[in-house]
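In UniProt numbering, the protein residues as written are 1 to 174.
The structure appears right after this line, and notes come after that.
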């Protein structure tokens, strides 16, 4: 299944303008951002769960911020054709590029999204999603549990140093 991630690219703060689909093969739940040694490339952990009567399960997926940035810098999704199928938008994209943060690198003179042009706001309303999806590292979930009487609802991650290396420890709530 897919989850929507709304990300303000330049500052890594959550933002309400653009979304990308996070693919983890289950519906979305909680999200945790784990800083790494390179502060510009943290890892994003997501909990995904379903409580259906046919299939019950939970998964944890890990995403690279570089992969997320690539998707946000790619084409916007656009409904086209007589069947209104989603395809990549190939027309002109307004400046600043949707998803840019006010006061960021590309919009230093803007203090708020209220200062965005009408053209930009109209474009965002017509193209709220990116065309490409973000896939987890190794293109599969880090952890999957199925047919259990619980589901994961919350997560936190910590980096722990051990004698034989550094480990990421997951704390999962049900």
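Backbone N, C-alpha and C define an ideal beta-carbon position, used for all residues, glycine too.
The three-state secondary structure of residue 62, taken from DSSP, is strand. Ranking 136, 105 and 104 by CA distance to the CA of residue 68 puts 136 first. In the displayed model, residue 162 falls within a strand according to three-state DSSP. Residue 52 and residue 134 have their C-alpha atoms some 24 Å from each other. About 6 Å separates the CB atoms of residue 120 and residue 98; that is less than 8 Å, so the two are in contact. The distance from the Cβ of residue 20 to that of residue 76 is about 10 Å, inconsistent with a contact at the 8 Å cut-off. Secondary structure of residue 153 (DSSP, three-state): coil. In the three-state DSSP reduction, residue 143 falls in the strand class (E or B).
Annotated three-state conformation of residue 50 is strand, per DSSP. If you look at residue 126, you'll find it in the alpha helix (DSSP H) that goes 118-126.
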